[in-house]
Structures are given as C-alpha cells and as structure tokens.
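S.K.: Numbering (UniProt numbering), first residue to last: 1 to 115.
The C-beta atom is built at its ideal place from N, Cα and C for all residues, glycine as well.
Structure below; questions to follow.
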C-alpha cells in the first residue's frame, strides 16, 4: 500500500497567491531626487524642520570631509616605512607605563579613580 500526501498543484503555490493578492503598484515615479528623499524620510517618520535640516546636513558633510582627510593623513603616514613600527613601540611603552603607574598597586588605582 502506497500513501500519497496532498500536494497542491504546481500552479497554486503560496508565492503565487501572495503575489496575486497584492494590488499592482504604480511605477510612474519621477526622477526627482528630492522627492525620493522626502518619501524615504516620510517612511522613517522623521520630521526635519527647515532650520534644523541645514545644520544636520552641514555637520554630516563636515564629518564626511573630516573622515576623508584623516584617512588620507593616516594613509600617508602609513606609507613611511619606519613610522608605523615606531608608533607601535610608543604605544606599547605608554601602555606599560600606564599599567605600572596606575593599575598595578591598589593605592594608585584609588588615585586614578579619584581623578
């Protein structure tokens, strides 16, 4: 005796049912970038006043420029052959000094905590 499970026909899958139940979307959107930004902000429920938005965009743009410049500076310093290894030694030396100065003994830890 062979038993067969009830399998829906190939034409009736859950994917097709959910796809057919959705109304077709109107794809006539303009190429205006500000409209896309406004729709994105409306979906996020973020309301920016005109006064605040300029400040936010100014600080955001300044942060992007600062990160770009710092990345260029770090890349230039990293291209100097001896400098990165020397900075590793300086960092290791400072870490050892800080550990022995503030973390090794209890009274020094209390001094650090009081600062």
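At what residues does the alpha helix (DSSP H) containing residue 104 begin and finish?
M.R.: Looking at the DSSP string, residue 104 is not in any alpha helix (DSSP H), and its letter there is neither H nor E.
S.K.: Between the C-alpha atoms of residue 38 and residue 73, what's the straight-line distance to the nearest angstrom?
M.R.: Straight-line Cα distance between these residues: approximately 36 Å.
S.K.: Reducing DSSP to helix, strand and coil, say where residue 81 ends up.
M.R.: Coil at residue 81, not helix or strand.
S.K.: According to DSSP, simplified to helix, strand and coil, what is residue 3?
M.R.: Of the three classes helix, strand and coil, the one that applies to residue 3 here is coil, per DSSP.
S.K.: Helix, strand or coil, according to DSSP, for residue 52 in the structure here?
M.R.: Residue 52: helix per DSSP, three-state reduction.
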